[in-house]
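Residue numbers (this note's numbering): 5 to 85.
Here's the structure we're looking at; comments come further down.
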């Protein structure tokens with residue numbers, strides 16, 4: 005896809021269409037990757053997005069129990085004092 009480089013103040017930039025922004029879920033910030041003579045623009049990923057709500061939902065349903073004890077029977081806790 006060919007796009008024009010336009011003047012923005014003392015800098016230059018490109019405009020992305022609304023369709024591209026929506027299709028690639030681009031909001032306010034992007035990852036800009038310089039690789040092998042290319043510029044790659046990627047949506048900024050937030051790997052933990054939604055975790056807070058998921059944890060609240062787990063707690064409300066009682067599904068946030070430990071899978072194993074956080075202290076083992078043979079563990080010597082005095083060595084950490």
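Heads up, the beta-carbon is just placed ideally off N, CA and C, and yes, glycines get one too.
All figures in this text were calculated on a predicted structure; none of them were measured in a lab.
- In this chain, the alpha helix (DSSP H) harbouring residue 27 covers 22-27.
- By the Cβ test, the region 61-69 is not in contact with the region 37-47, since fewer than three Cβ pairs between them sit closer than 8 Å.
- Here residue 35 is bridged, per DSSP, to 46.
- Residue 29 places its beta carbon less than 8 Å from that of residue 47.
- A Cβ-Cβ distance of about 14 Å is found for the pair residue 19 and residue 34, leaving them out of contact under the 8 Å criterion.
- In the structure shown, the three-state DSSP call for residue 61 is helix.
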